[in-house]
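> Chains as they are written, first to last, in the numbering used here: chain A, 570 to 892; chain B, 112 to 388; chain C, 84 to 456.
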Amino acid sequence: MKSTASFFSKIAYLKAKIKGDEIFRLVSAFFALTTLLIVVLMVYELTRGSWLSLQKFGLGFITGTTWDPVFTLNFGALPLILGTLTTSAIALAISVPISIGIGLLLSEYISKRLEFFVSFIVELLAAIPSVVYGLWGIFILIPFLRNNVYPLIQTVLGFLPLFSGPIYGGGVLTAGIVLSIMIIPIISSVSREVFSAVPLSQREAIISLGATKWETCKIVMSYAKSGVIGAITLGLGRAIGETMAVTMLIGNKFKVLPSSLFDAWYTMAAIIANEFTEATSDIYVSALINVGLTLFLISLMVNVIARLIVWRTLRLVKGVSRG
Amino acid sequence: MMDNYRIRKIKDRLMRILLWSSLIIAMIPLFSILLDVFINGARAINIDFFLLPTPTVGEKGGIANAIQGTLITLGLASIIGVPIGIMSGIFLSEYHDSKLSQPVRFINDVLSGFPSIVVGIFGYVLIVSVIGFSVIAAAFSLAIIMIPIVTRTTEESLRMVPVAIREAALALGIRRWKTIIFIVLKGGRKGIVTGVLLALARIAGESAPVLVTMGYWRWWFSGLNRPASNLALNIYLFAISPFENWRTLAWGSALFLILMILGISILIRVLTRGKYE
Amino acid sequence: MGLNRNRKILLVAVVATITIALVIVYQYLIHSESEREITINGAGASFPFPLIDKWIAEYNKLKKNVKINYQSIGSGGGIRQHTEKTVYFAASDAPLTPSQAANASNTLHIPFTIGGVAIIYNLPGVSKGIKFSGEVLADIFMGKISKWNDPKLVELNPNVDLPDKDIIVVHRSDGSGTTFVFTSYLSEVSEEWKANIGRGTVVNWPKGLGGKGNEGVSGLVSQNPYSIGYVEFIYAKKNNIAWGYLKNAAGRFVQPGLESFKAAAAAAAVTLPKGDESWAEVSIIRGVVRNPQAADAYPITSFSYFLVYRELNVLPNMDEYTARQLVEFLWWTIHDGQNYSAELDYVPLPSNVVAHNEETIRMITFNGKQLKG
Chain A
570 MKSTASFFSK IAYLKAKIKG DEIFRLVSAF FALTTLLIVV LMVYELTRGS
620 WLSLQKFGLG FITGTTWDPV FTLNFGALPL ILGTLTTSAI ALAISVPISI
670 GIGLLLSEYI SKRLEFFVSF IVELLAAIPS VVYGLWGIFI LIPFLRNNVY
720 PLIQTVLGFL PLFSGPIYGG GVLTAGIVLS IMIIPIISSV SREVFSAVPL
770 SQREAIISLG ATKWETCKIV MSYAKSGVIG AITLGLGRAI GETMAVTMLI
820 GNKFKVLPSS LFDAWYTMAA IIANEFTEAT SDIYVSALIN VGLTLFLISL
870 MVNVIARLIV WRTLRLVKGV SRG
Chain B
112 MMDNYRIRKI KDRLMRILLW SSLIIAMIPL FSILLDVFIN GARAINIDFF
162 LLPTPTVGEK GGIANAIQGT LITLGLASII GVPIGIMSGI FLSEYHDSKL
212 SQPVRFINDV LSGFPSIVVG IFGYVLIVSV IGFSVIAAAF SLAIIMIPIV
262 TRTTEESLRM VPVAIREAAL ALGIRRWKTI IFIVLKGGRK GIVTGVLLAL
312 ARIAGESAPV LVTMGYWRWW FSGLNRPASN LALNIYLFAI SPFENWRTLA
362 WGSALFLILM ILGISILIRV LTRGKYE
Chain C
84 MGLNRNRKIL LVAVVATITI ALVIVYQYLI HSESEREITI NGAGASFPFP
134 LIDKWIAEYN KLKKNVKINY QSIGSGGGIR QHTEKTVYFA ASDAPLTPSQ
184 AANASNTLHI PFTIGGVAII YNLPGVSKGI KFSGEVLADI FMGKISKWND
234 PKLVELNPNV DLPDKDIIVV HRSDGSGTTF VFTSYLSEVS EEWKANIGRG
284 TVVNWPKGLG GKGNEGVSGL VSQNPYSIGY VEFIYAKKNN IAWGYLKNAA
334 GRFVQPGLES FKAAAAAAAV TLPKGDESWA EVSIIRGVVR NPQAADAYPI
384 TSFSYFLVYR ELNVLPNMDE YTARQLVEFL WWTIHDGQNY SAELDYVPLP
434 SNVVAHNEET IRMITFNGKQ LKG
C-alpha cells in the first residue's frame with residue numbers, strides 16, 4: 570500500500586517536473602529555429618520575386634551585361650557583380666594591413682587598461698551610420714581626393730590604364746576607400762580575438778629564445794593565420810552588402826567595365842537602393858529582386874566560408890570544443 | 112652576431128612605428144567625420160529643432176516627428192526582435208547539448224552578416240505587398256537585423272554564469288526552467304542589456320531597409336499600418352536637397368543620430384567594464 | 084553589491100521605456116484629430132516636388148484632418164505606382180504613353196503646373212551666361228562634343244574663355260519626367276538624337292554620371308568642376324548653380340525663369356485633349372521650337388500632370404469620404420494652390436487650362452457618383 574502510494578506520487582512529481590521543463594525547452598527551441606526559418610523564408614521569397622526574371626534570363630542573368638528597362642527589357646547582373654567584387658577587393662587591400670596592425674597592437678602591445686579605450690575608439694568607426702559616411706564622403710573626402718590625392722596618383726601611375734582617365738572625385742576607388750574605413754572595426758576586432766587566443770606558451774617559448782616583440786608577433790600571426798583569413802572574409806561579407814555609402818559615392822553608372830579606377834561604376838546593393846521604388850514594369854522589379862537574390866547568395870557563400878574558418882581556428886587555438 | 116641583433120632591433124622598432132601608425136591612419140577619418148557632423152549639425156540645433164515637425168520649403172521646422180517615428184519603429188522592432196533573440200540565446204546556452212544548437216548558432220552568425228538592403232527587400236516582398244509601406248514592414252526588417260546580435264550576446268553572457276549556480280539550484284529541487292528564468296537570466300542580465308543596446312545602436316542608423324519598406328513620411332505617427340518619419344532615411348533624402356532648411360535639418364539629424372548611437376555605445380562600454388577575459 | 088547595480092540599471096531602463104512610451108502616446112493623442120483623419124498617398128515626379136510639398140503643408144492648415152503624403156521617386160515610379168494602384172494619385176512630367184495608358188485604363192491627366200528645365204554647369208571662374216543651342220546640347224550629351232573649348236561652343240560664346248577640359252556629363256539615374264522633358268527637347272532639335280536615343284523617362288545615355296533625383300544631379304554638378312547637367316529650374320536657382328542661355332526658334336538666347344516659361348506656354352498655344360483621352364502627344368516644347376515668333380520663350384518648358392483614375396473605386400481601401408477629399412484637394416491645387424507657384428518659380432496655369440481641368444475633375448466619380456458638381 571505504502572509503496573504504491575509513493576510510486577504514484579513519484580510519477581506525479583516526475584510528470585510535473587518534466588512537463589514544465591519540456592515545454593520550456595520546446596519553446597526556446599522554437600524561438601531558436603526562427604532564425605533558420607527566416608533564412609529559409611528569405612530564400613523562398615527572393616526566389617519567388619525573381620521568378621519572372623529567372624524565367625526570362627535563367628542563369629544568363631549572372632553573365633548578362635545589359636540593363637535596359639526602356640526598350641528591350643533585357644537585364645543582366647555581371648557588371649554589378651564585378652563592381653561589387655572590385656570595390657570590396659579595394660576595400661580589403663587597404664583595410665587588411667591597417668586592421669591586422671590594429672589587431673596586433675591591441676593584443677600584443679597595449680596594456681589591458683589602454684586596450685579598453687583604444688578598442689572603444691575603433692568601435693566608434695562601426696557606430697557611424699552608413700548614410701553619414703556617404704555624406705562625409707561627398708562633402709569632405711571627394712573634394713580632398715579630387716584636388717590633392719588623385720592628381721598625384723595620376724602623375725605617378727598615370728601610364729597604367731587603371732589610373733588614367735578623367736577624375737571627377739567619386740567612383741570606384743573612392744567607394745573602395747570609404748568601404749575600407751567601414752570594415753576596419755570588424756577585421757581588427759576579430760583579428761585581435763584570434764591573436765589573443767594564441768596560447769601564452771607559444772609566446773613564452775619564442776621570447777625565451779631571445780625574440781624581439783615583432784618576431785613574437787610574426788609567430789602569433791602565423792599561428793592564427795586561418796583565423797585572420799576568417800576575419801578578412803567577415804570584412805568582405807560586410808563590404809559586399811554595403812549600400813548607402815557606396816551609392817552616394819560610386820557614380821551609379823551601369824557599364825561592363827569602368828575606364829579607370831577614377832571612373833563611375835555600380836554595385837548590386839546600390840542599384841537596388843536606387844531603382845527599386847521606381848521600377849516601372851514587373852520584369853524590371855523582378856530583375857532587381859533577382860539582383861537581391863544574387864547578392865544574398867554571394868553574401869551567404871562568403872559568410873559561410875568566413876564562419877567556418879574562424880570557428881575552426883578558434884577551436885584549434887583554444888583547444889576547447891564548442892557546443 | 113651583434114649586427115644581426117641590431118638589424119632585428121631596428122626592424123622591431125620600425126614595425127612598432129608602423130603598427131601605431133595604422134591606428135592613427137584609422138583614426139583620421141573618424142575624427143574628420145565627427146568634426147564634419149558636429150560643425151554642420153550644430154547650426155541646426157535650437158529649441159525648434161526638437162519641437163517642430165518636418166517643414167516644407169522655406170518654413171521653420173525640426174525633427175520632432177522624425178524622433179517620434181524612429182522611436183516607435185525601433186520600439187516595435189525591439190518588441191519583435193528582442194524576445195526572439197533572448198529565447199534563442201537561452202536555447203543555445205542552456206541546451207547546448209541539443210543536436211539543433213550547432214546549425215542554429217551557425218545560421219545565426221551567418222544571418223548577422225546579411226546586407227541590410229536584402230533584408231529590406233525581404234520585408235517588402237513579405238509585408239509591403241500585403242499591408243503596404245508601413246511601420247510594421249520596416250520594424251519587421253529591422254527586427255531581423257537585431258535578432259542575431261541579441262542572440263549571440265545573450266548566449267555568451269549566459270555562458271559566463273558559473274555552472275555551479277545552476278547545479279546548486281537544481282540540487283535545491285528548483286525545476287530547470289525556473290532556474291533558467293529566475294536565476295541564470297538574472298546573472299546574465301547585464302550582458303543581455305548590452306546586446307539589446309548594441310542591436311538598437313545598429314538599427315538606429317539603418318536607412319536602406321527603411322527606404323524600401325517605408326519611404327518618406329512628413330507627418331506625425333498615424334498608425335502602424337502607415338509609414339512614419341525616420342531619422343536615418345531623412346538624412347539620406349534631405350542632405351543634398353536644394354533647400355537650405357532641409358539641408359540644415361539633415362545635418363542636425365546626423366548629429367543627433369550619431370550622438371544617440373555614441374551615447375548607447377558608451378553605455379555599453381560602461382556596463383561591460385571588467386568583463387574581458 | 085553587484086545585484087544593487089543591476090537593479091539600478093533595470094530601474095533606469097524601465098523608467099526610460101515608460102517615459103518614452105508616455106511621450107509617444109501623448110504625441111499621438113494631441114495630434115490625432117477629432118474629425119476623421121485620412122491619409123492620401125501620392126508619388127511621382129521630383130520636378131514639381133517643392134510645389135506639391137508646399138501645397139500639402141498649406142492644404143493641411145486648411146483641412147487639418149487631411150494628410151497627404153507624397154513620395155518624390157521620379158515620374159517613372161509615379162506611373163508604376165499609379166498603374167499598380169498603390170497610390171491614390173501620381174504626378175508625372177511625362178504623359179502616359181499609349182502602352183502605359185493601356186495598362187492604366189481610365190486615367191485622367193490634369194496638368195497642374197508649368198515648369199522649365201535648366202541646363203546647369205560648373206565652370207570655375209565662369210558664372211551664368213554660357214550660351215547653348217539645341218544641336219550643341221544634343222552633341223554634348225551624345226558625346227560628340229567632348230571638350231569645353233570645342234569650336235561649336237566657342238562660336239556661341241566668343242567672349243568667354245572656355246577651358247581645354249573634358250565635359251563631364253551628368254544625367255538622371257532614376258526614371259524621371261525631367262529626363263522625359265529634356266530628351267523630348269533633344270529629339271525635337273536633333274534628328275540623330277531622335278533616331279538613336281529618343282525620348283523617355285529613362286534612356287540609354289551614351290555617357291555620363293547618374294544622379295538620383297533632381298537633387299542628385301544638382302549635387303553632382305555643383306561638386307564636379309567642368310560638369311554639365313539638366314535639372315528642374317528651382318533646383319538650379321536654390322543651389323546657386325550657373326545655368327545656361329538657350330537659343331530659341333526666334334534666334335534669341337533666353338534664360339530659364341518665370342517669364343520665359345510663361346512665354347513658352349503662351350507661344351505653344353497647345354490644344355489640350357479631353358481629360359480622359361491620350362495626352363501622349365501634348366508638348367509645349369514642340370510648339371515653341373516651331374514658333375519663330377516666340378522671342379521670349381524658353382524652349383524646354385513642360386506641363387506636370389496629376390494622374391488619377393476616373394472611377395476611384397478601383398483603388399483599394401477607398402471610400403466616398405476619402406475620394407471626395409482627394410477631389411477637393413485637386414480642385415484646390417488648380418485654383419488657390421496656383422497662388423503659391425510664383426514664389427517657387429513655377430508658372431501659374433493660364434486660365435484656359437484651369438477651365439479645362441475643371442471639366443476633367445468633374446469627370447471623377449466614386450461608384451458612379453460624380454464627386455464635384
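Even for Gly, the Cβ is constructed at its ideal location relative to N, Cα and C.
Give the C-beta separation of VAL394/B and ALA312/B to the nearest angstrom, bearing in mind that I take them to be a contact with Cβ-Cβ under 8 Å.
What the structure shows of chain B is the stretch from 112 to 388, and residue 394/B is not part of that stretch, so it cannot be assessed.
> Helix, strand or coil: which one does DSSP assign to GLU141/C?
In the third sequence, residue 141/C corresponds to position 58, counting from 1. Helix at GLU141/C.
> Are VAL528/A and GLY796/A closer than 7 Å when you measure CB to CB?
Outside the displayed span of chain A (570 to 892) sits residue 528/A, for which this structure offers no information.
> Please check the pair ALA402/B and VAL261/B, which I expect to be a contact at CB under 8 Å, by giving their CB distance rounded to whole angstroms.
Residue 402/B falls outside the range modelled here, since chain B spans only 112 to 388, and no answer is possible.
> Distance check for LYS297/B and LEU93/C, CA to CA, integer angstroms please.
Position 10 of the third sequence, counted from the first residue, corresponds to residue 93/C. Position 186 of the second sequence, counted from the first residue, corresponds to residue 297/B. Approximately 11 Å between the Cα atoms of the pair.
> What does GLN154/C reach in chain B if we use C-beta pairs closer than 7 Å?
By 1-based counting over the third sequence, the position of residue 154/C is 71. Correct list: GLY326 and TYR327.
> Beta-carbon of TYR235/B versus every beta-carbon of chain C: anything under 7 Å?
For the purposes of this step, residue 235/B is taken as the residue at position 124 of the second sequence. No, its Cβ sits nowhere closer than 7 Å to a Cβ of chain C.
> Is the CB-CB distance between THR634/A and ALA319/B below 7 Å?
As a working note, residue 634/A is residue 65 in the first sequence. As a working note, residue 319/B is residue 208 in the second sequence. Cβ atoms of THR634/A and ALA319/B: not closer than 7 Å.
> Does the Cβ of ALA574/A have 16 or more other Cβ atoms within 10 Å, making it buried, or fewer, making it exposed?
For this step, residue 574/A is matched to residue 5 along the first sequence. ALA574/A comes out exposed.
> For GLY739/A, which residues of its own chain have a beta-carbon under 6 Å away from its beta-carbon, when the five flanking residues on both sides are left out?
Within the first sequence, residue 739/A is the residue found at index 170, counting from 1. Result list for GLY739/A: ILE711, LEU818 and GLY820, in chain order.
> At a CB-CB cut-off below 7 Å, which residues of chain B make contact with MET611/A?
What you label residue 611/A is simply residue 42 of the first sequence in a count that begins at 1. Residues of chain B passing the Cβ test: PHE233.
> Just verifying my parser: in three-state terms, what is the DSSP assignment at ILE156/C?
Within the third sequence, residue 156/C is the residue found at index 73, counting from 1. Coil.
> Quick one: list the residues of chain A neighbouring ARG163/C, beta-carbon separation under 8 Å, in chain order.
Counting from one through the third sequence, the residue named residue 163/C turns up at place 80. Result: GLU847, ALA848, THR849 and SER850.
> Please return the same chain residues whose Cβ sits closer than 7 Å to the Cβ of LEU163/B, not counting the five positions on each side in sequence.
Here the question's residue 163/B lines up with position 52 in the second sequence. Closer than 7 Å at Cβ, skipping near neighbours: LYS171, GLY172, GLY173 and ALA175.
> Note down, in chain order, each residue of its chain lying with its Cβ closer than 7 Å to the Cβ of VAL272/C, except the 5 sequence neighbours on either side.
Against the third sequence, residue 272/C aligns to sequence position 189. Around VAL272/C: GLY217, GLU218, ALA221 and VAL372.
> For a contact defined as C-beta to C-beta under 9 Å, what are the partners of TYR737/A on chain C?
Taking the first residue of the first sequence as position 1, residue 737/A is located at position 168. Here the neighbours are ILE251, LEU292, LEU303, GLN306, ASN307, PRO308, TYR309 and SER310.
> Give me the chain C residues within the contact set of SER352/B, using Cβ-Cβ distance strictly less than 7 Å, ordered along the chain.
To locate residue 352/B, count along the second sequence from 1; it is residue 241. By Cβ distance, chain C contributes GLU298.
> Measure from the C-beta of ILE580/A to each C-beta in chain B and report whether the shortest distance is under 7 Å.
In the first sequence, counting from the first residue as 1, residue 580/A sits at position 11. Not closer than 7 Å to any Cβ of chain B, the Cβ of ILE580/A fails to qualify, so no.
> What are the complete beta strand (DSSP E) segments, minimum 3 residues, inside the stretch 304-338 of chain C?
Counting only runs of 3 or more, we get 310-315 and 328-330.
> Name, in chain order, the residues that DSSP records as bridge partners for THR190/C.
Position 107 of the third sequence, counted from the first residue, corresponds to residue 190/C. Paired residue(s): TYR392/C.
> Only counting the same chain, and skipping five residues up and downstream in sequence, which positions put a Cβ closer than 7 Å to that of PRO339/C?
As a working mapping, residue 339/C is identified with position 256 in the third sequence. Answer for PRO339/C: GLY199, ALA201, PHE316, TRP326 and TYR381, listed in chain order.
> Kindly confirm or deny that the stretch 770-787 of chain A and the stretch 117-127 of chain B touch, where touching means at least three C-beta pairs closer than 8 Å.
Contact holds: three or more Cβ-Cβ distances are below 8 Å.
> Determine the DSSP secondary structure at GLY306/B, reduced to helix, strand or coil.
In the second sequence, the residue the question calls residue 306/B occupies position 195. Helix at GLY306/B.
> I need the straight-line Cα distance from ARG337/B to VAL246/B, nearest angstrom please.
Position 226 of the second sequence, counted from the first residue, corresponds to residue 337/B. Position 135 of the second sequence, counted from the first residue, corresponds to residue 246/B. For ARG337/B and VAL246/B, the distance between alpha carbons rounds to 6 Å.
> Measure the C-alpha to C-alpha separation of ASN435/C and ARG255/C and round it to an integer number of angstroms.
Numbered from 1 along the third sequence, position 352 holds the residue referred to as residue 435/C. Numbered from 1 along the third sequence, position 172 holds the residue referred to as residue 255/C. Roughly 33 Å between the two C-alpha positions.
> So, helix, strand or coil for GLY633/A, using DSSP?
Numbered from its first residue, the first sequence carries residue 633/A at position 64. Looking at GLY633/A - three-state DSSP - the assignment turns out to be coil, as it is neither helix nor strand.
> Return the first residue and the last residue of the alpha helix (DSSP H) that GLY299/B is part of.
Locating residue 299/B in the second sequence gives position 188, where the first residue counts as 1. Unbroken run through GLY299/B: none, as it is neither H nor E.
> Going by C-alpha distance, which of VAL879/A, PRO648/A and ARG617/A is nearest GLY629/A?
For the purposes of this step, residue 629/A is taken as residue 60 along the first sequence, with counting starting at 1. Ranking the options by Cα distance to GLY629/A, first place goes to PRO648/A.
> Does any C-beta atom of chain A lie closer than 7 Å to the C-beta of LEU134/B?
Reading the second sequence from its first residue, position 23 is the one you call residue 134/B. Yes - at least one Cβ of chain A is within 7 Å of the one on LEU134/B.
> Decide if ILE128/B is buried, meaning its Cβ has at least 16 other Cβ atoms within 10 Å, or exposed.
The sequence position of residue 128/B within the second sequence is 17, counting from 1. Exposed: under 16 other Cβ atoms inside 10 Å.
> Would you say the stretch 129-141 of chain B touches the stretch 680-691 of chain A, given that touching needs at least three Cβ pairs under 8 Å?
Enough Cβ pairs lie closer than 8 Å, so yes.
> Within 7 Å of any Cβ in chain C, is that where the Cβ of THR167/B sits?
On the second sequence, residue 167/B is found 56 positions in, with the first residue counted as 1. For THR167/B, the answer is yes, since a Cβ of chain C falls inside 7 Å of its Cβ.
> Ignoring anything shorter than 4 residues, give me the alpha helix (DSSP H) runs that lie fully in the stretch 229-304 of chain B, in order along the chain.
Counting whole runs of 4 or more residues, the stretch 229-304 of chain B contains the alpha helix (DSSP H) stretches 246-271 and 274-282.
> Which first and last residues belong to the beta strand (DSSP E) in which HIS254/C is found?
Walking along the third sequence from the start, residue 254/C turns up at place 171. Run containing HIS254/C: 251-255, per the beta strand (DSSP E) assignment.
> Span of the alpha helix (DSSP H) holding ILE123/C?
Working through the third sequence from its first residue, we reach residue 123/C at position 40. ILE123/C -> not in any alpha helix (DSSP H); beta strand (DSSP E) instead, spanning 121-127.
> If we define contact as Cβ-Cβ less than 7 Å, is VAL285/C a contact residue for chain A?
In the third sequence, counting from the first residue as 1, residue 285/C sits at position 202. It does: the Cβ of VAL285/C has a partner Cβ on chain A nearer than 7 Å.
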